[in-house]
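These notes are about the structure you will find just below.
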């Protein structure tokens, strides 16, 4: 399962070796926090897939990993079975959306909240 690290200025997604192989991606994904538009928890992440896989791996309801291209952009996906996932909508980044299976989705959302000014 991908490791998500929240820093004051960025969110880093570090993929395992297996995930990098299935996703056909070498590098980690780094997103500026200011470019995160919304984050939600999805009980059924499969309904959030849009477009076509290019490149990546897809076994329906078992595994989806890689880039999904759609008219207007592309998403990065790492979904396993029927597990809870976070859906992160982005602006001005390589991907328009990240869909990632995570055991710690509520903690991730809490840590992404900015402190009150």
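Residue numbers (UniProt numbering): 1 to 117. Note that beta-carbon positions come from the ideal geometry of N, C-alpha and C, so glycine has one too.
Can you tell me which of the three DSSP states residue i falls into?
i: residue 18; result: helix
i: residue 85; result: strand
i: residue 105; result: helix
i: residue 117; result: Because the pLDDT of residue 117 is 34, which lies under 50, any placement of that residue in the model is unreliable, and the number read from its coordinates should be weighed accordingly. Residue 117: coil per DSSP, three-state reduction.
i: residue 23; result: helix
In whole angstroms, give me the CA-to-CA distance for residue i and residue j.
i: residue 61; j: residue 45; result: 10 Å
i: residue 28; j: residue 15; result: 6 Å
i: residue 56; j: residue 66; result: 4 Å
i: residue 70; j: residue 58; result: 16 Å
i: residue 75; j: residue 39; result: 14 Å
i: residue 21; j: residue 68; result: 16 Å
Start and end of the beta strand (DSSP E) containing residue i?
i: residue 40; result: 36 to 42
Residue i: which of the options sits nearest, CA to CA?
i: residue 1; options: 31, 109, 78, 106; result: 78
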